[in-house]
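Shown next, in structure tokens, is the structure this report addresses.
Protein chains: 2
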Amino acid sequence: MAEQPVTVAVSTVIFGLQPPAEPRDDALGGLAVHLPLVQRVREPHLGRWALPGGPLHADESLREAARRNLAGTTGLRPTHLEQLYTFGAVERGVPATPEEPRVVSVVYWALVRTEVAATTVDDEHVAWFPAEDLPPLAFDHEEIVGWAVRRLKNKLEYTHLSHALLPEEFTLGQLREVHEAILGRRLDPANFRRRVEATGTVAPTGAHQAGVRHRPPALYRSTAREELLT
Amino acid sequence: MAEQPVTVAVSTVIFGLQPPAEPRDDALGGLAVHLPLVQRVREPHLGRWALPGGPLHADESLREAARRNLAGTTGLRPTHLEQLYTFGAVERGVPATPEEPRVVSVVYWALVRTEVAATTVDDEHVAWFPAEDLPPLAFDHEEIVGWAVRRLKNKLEYTHLSHALLPEEFTLGQLREVHEAILGRRLDPANFRRRVEATGTVAPTGAHQAGVRHRPPALYRSTAREELLT
DNA sequence: CCAAAAGTGTTGCAATTACACCCATGT
DNA sequence: ACATGGGTGTAATTGCAACACTTTTGG
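Protein sequences appear in the order of chains A and B.
Note that the UniProt record's numbering has the first sequence beginning at 1, numbered continuously upward.
Note that the UniProt record's numbering has the second sequence beginning at 1, numbered continuously upward.
Now the structure itself:
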């Protein structure tokens, strides 16, 4: 019943696509979902990898805080940013460390464009890992990443989220690759094309991608405006 | 950049079904979605109706806090309880009242059985209102209720949530009424039956409801176990 | 016998899937 | 020429909505 030694923190799960470290067993294409982690520089869990995050400042919204620690740790601006869940169990992966103040974590998740993600340099304490092959994480962060991955897969099917992982202009083949990387299975190119065209969320730019050693694919851009709030 | 005059509060949107106050225009059956509100007894927004809620105690989880203020204001135990969203804008419906501490609200939403909801007595400061016809609410609570209603309608279609609003045993007619009340439109009894049976989330008890002035309907019970976490 | 809801059957439309096939380019 | 992915066509399947019809009770 003590009143409020409770701290509010904001953490962010950031997704980007990168070439897979090792050749895929399942013969999936050239992209795999990755996310950046930061290595903890103090106790608890010193040395472990963790989600970027930090305390909420008094003069910023939760969303602003997510943006701030996203930019601060990876230098990236997200193309999609959305609240995931708030974790507030009394003991959250801190194994019997009384005197540590209790933390309620509001977790956001974000998407960044591949080309941006690819150019970000890994420094000593920030590195990208494949979402399917993470190192042991601090606190309850493995559980949190699990939630985020499930949400990503889910929303992929009924939203236009995938556009947020690609450049302004893209081919339907690239878009399909994104879906395949996230869902972890191959999709029929013909049916995929029709489904996407039917939703009307992409529009052809008129231009075509040249220099490929096959029929030049048409370029498209997303017609979806960034969503209301979520 | 000041550090943390931030308070964590937990509020709960509670849904139950009750007979509609006035006969429905749309010729919908005998049930309508209602929710309990409490009248504020101090500033800000004194006298206005608001969601039940209060500060998070240091020794309880967010979920426990939701349970606590749910039991405290309405005396009810929920059959479903789930986190909705966390609201943390700097100015949340408090019109320029500096010196009030900033509040981050974690909102839960809950379902209670109809029979329980129906027997709860309204006292001076707690009353049930139809979700489609609410009085002006304090803070940003109208927006929050809107979110909760949308989530309820949505999850209704791909989960077994509706079971949580009915007694242990129920007829498919009653289950259909619940869906109709929440979705706000009539459903075909034949197709509804088949859809529900196909999911395998209900099992006939073998008993039948007697005393009705038509063919006695079979009684069913839910086979769905309370979900993992959500 | 009639009203009323339970419960079954049938039919047509729309979305999804699988897969055959042609097209345009670089090598 | 041919390999490669882009792009179109089509037939089979499935799921869903509409609606006719039979069943079993209370009045």
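A virtual CB, placed ideally from N, CA and C, is assigned to each residue, including glycine.
Interface flag, residue i vs chain B, CB-CB below 8 Å
i	result
Val8(A)	yes
Gly54(A)	no
Ser105(A)	no
Pro5(A)	yes
Tyr220(A)	no
Own chain partners of residue i with C-beta closer than 6 Å, once the 5 adjacent residues on each side are dropped
i	result
Val178(B)	Ser162, Leu165
Ala224(B)	His160, Thr201
Gly54(A)	Asn69
Asp26(A)	Any reading at Asp26(A) must be qualified, since the residue scores a pLDDT of 47, below 50, and its modelled position is unreliable; the value itself is stated next. Contacts found: none.
Ala218(A)	Pro204, His208
CB of residue i within 8 Å of CB of residue j, strictly
i	j	result
Pro52(B)	Pro36(B)	yes
Tyr85(A)	Val107(A)	yes
Leu81(B)	Arg68(B)	no
Leu56(A)	Ala50(A)	no
Tyr220(B)	Glu157(B)	no
Pro20(B)	Pro130(B)	yes
Leu134(A)	Arg48(A)	no
Leu175(B)	Phe15(B)	no
Val33(A)	Leu17(A)	yes
Pro216(B)	Ala210(B)	yes
Ser61(B)	Gly88(A)	yes
Arg213(B)	Pro167(B)	no
Ala181(B)	Leu31(B)	yes
C-beta neighbour in chain A for residue i, strict 8 Å
i	result
Leu62(B)	yes
Asp59(B)	yes
Thr223(B)	no
Ala110(B)	no
Gly88(B)	yes
residue 272(B)	The structure shown does not extend to residue 272(B), since chain B is modelled only from 1 through 230, so no value can be given for it.
Arg102(B)	yes
Same chain only: Cβ atoms within 7 Å of residue i, ignoring 5 sequence neighbours per side
i	result
Lys155(A)	Leu161
Leu46(B)	Arg40
Close-in-space but distant-in-sequence residues of the same chain around residue i (CB under 8 Å, 5 per side omitted)
i	result
Val13(A)	Leu35, Leu51, Leu84, Val107, Tyr108, Trp109, Ala110, Ile144, Val145, Ala148
Arg102(A)	Pro5, Val6, Thr7, Val90
Leu183(A)	Lys153, Leu156
His125(B)	Val38, Gln39, Val41
Glu142(A)	Leu134, Pro136
Thr171(B)	Gln209, Pro217, Ala218, Leu219, Tyr220
Element boundaries [beta strand (DSSP E), containing residue i]
i	result
Pro204(A)	202-208
Leu37(B)	32-39
Val104(B)	102-111
Arg221(B)	218-222
Ala127(A)	126-130
Span of the alpha helix (DSSP H) around residue i
i	result
Val13(B)	Val13(B) -> not in any alpha helix (DSSP H); beta strand (DSSP E) instead, spanning 6-18.
Val178(A)	172-183
Pro189(A)	189-199
Leu62(B)	62-74
Glu43(B)	Glu43(B) -> no alpha helix (DSSP H), and no H or E assigned at all.
Leu137(A)	Looking at the DSSP string, Leu137(A) is not in any alpha helix (DSSP H), and its letter there is neither H nor E.
Could you tell me whether the region 4-16 of chain B touches the region 188-205 of chain A, using the rule of 3 or more Cβ pairs below 8 Å? no
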